[in-house]
Amino acid sequence: MENSLRNDFLSAMSRACCTVNIVTTDGPAGRSGATVSAMSSVSADGAAPTLLVCLHQNSATAQAIRDNGGFCVNVLRDSQSAISDRFAGRLDTIDGKFAGAIWETGSTGAPRLNGGLVSFDCRVASEQKIGTHHVFIGEVVAISEADEGLPLIYSGRAYGRPARLDTAHGCTA
Numbered sequence: 001m002e003n004s005l006r007n008d009f010l011s012a013m014s015r016a017c018c019t020v021n022i023v024t025t026d027g028p029a030g031r032s033g034a035t036v037s038a039m040s041s042v043s044a045d046g047a048a049p050t051l052l053v054c055l056h057q058n059s060a061t062a063q064a065i066r067d068n069g070g071f072c073v074n075v076l077r078d079s080q081s082a083i084s085d086r087f088a089g090r091l092d093t094i095d096g097k098f099a100g101a102i103w104e105t106g107s108t109g110a111p112r113l114n115g116g117l118v119s120f121d122c123r124v125a126s127e128q129k130i131g132t133h134h135v136f137i138g139e140v141v142a143i144s145e146a147d148e149g150l151p152l153i154y155s156g157r158a159y160g161r162p163a164r165l166d167t168a169h170g171c172t173a
């Protein structure tokens, strides 16, 4: 791929708004986690709801998910950017990524963030390598939701929080 197309793609994708998520896993391959914005629902129908996450091929977390067979997607609250930075490697942590937050063990064995906005505990249904990334499809086996709160979002290469718009006047397109 030519470099200018790659740069245009990165610039354009920075304008998209995504929730900030911590994907975690634990099991025979050990405990691991990473910050991801590439997470989406796939289907609410079928034997179980499914979602997808994408992780770089060189990510220790991607290899651990493959070996452990499960993962948990923890959607962060708008007040949890420090957790995102810790798992993204932007903060030096002597005591490890999982320090500074309370974690519980989900039904797949993956760590679930206590105090997060939403957690999706998933069993790996399939995995495919696309370019430099692994795309994991997870069958959701358990969900934990907070009673209230706003998600941490990432857009324009910065953290933010959503704001509700007045829709009383209808939609204009």
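No gaps in the numbering here: position 58 of the sequence shown is 58 in full-length UniProt numbering, and each next residue is one more. From the three backbone atoms N, C-alpha and C, an ideal C-beta is built for every residue, glycine too.
Any idea what DSSP makes of residue i, helix, strand or coil?
i	result
S107	coil
L113	strand
T167	coil
F87	helix
V98	The sequence given here has Phe at residue 98, not Val. If DSSP states are grouped into helix, strand and coil, F98 belongs with coil.
N58	coil
A47	coil
Q128	strand
A16	coil
S119	strand
Taking 6 Å as the limit between beta carbons, can you name the residues of its chain near residue i, skipping five residues before and five after?
i	result
N68	T25, G27 and A29
S40	L52
S126	I137
Could you give the distance in angstroms between the alpha-carbon of residue i and the alpha-carbon of residue j?
i	j	result
A146	F136	25 Å
T35	I143	19 Å
R66	E139	14 Å
D45	A64	28 Å
residue 199	E148	The structure shown has nothing for residue 199, since the chain only spans 1 to 173.
R164	D8	30 Å
G160	A16	12 Å
Mind checking whether the beta-carbon of residue i lies closer than 7 Å to any heavy atom of the ligand ATP?
i	result
A38	In the structure shown, the ligand ATP is absent, as is every other ligand, since no ligand is present at all.
For residue i, is the classification buried or exposed, using 16 other Cβ atoms within 10 angstroms of its Cβ as the cut-off for buried?
i	result
E104	exposed
S119	buried
N74	buried
C72	buried
L10	exposed
By Cβ distance below 7 Å, which residues in the same chain neighbour residue i in space, the five residues on each side in sequence not counted?
i	result
S107	D121, V141 and A142
T61	V23, T25, S32, G33, A34 and L55
R123	G69, G70, T108, G138, E139 and V141
Looking only at its chain, what residues have a beta carbon closer than 8 Å to the beta carbon of residue i, apart from the 5 residues adjacent to it on each side?
i	result
N21	T35, V36, S37, M39, V53, V73, N74, V75 and L76
(message) Pairs of beta-carbons, one from the region 3-10 and one from the region 48-57, closer than 8 Å: are there three or more?
(response) For the pair of segments examined, the region 3-10 was found not to touch the region 48-57: the number of CB pairs separated by less than 8 Å stays below three.
(message) Contact between the region 79-94 and the region 145-162 is defined here as three or more beta-carbon pairs at a separation below 8 Å; is this criterion met?
(response) Because the criterion of three Cβ pairs below 8 Å is met, the region 79-94 and the region 145-162 touch.
(message) Quick test of the definition: if touching needs 3 or more C-beta pairs under 8 Å, does the region 120-134 touch the region 85-99?
(response) Contact between the region 120-134 and the region 85-99 is absent, because fewer than three Cβ pairs lie under 8 Å.
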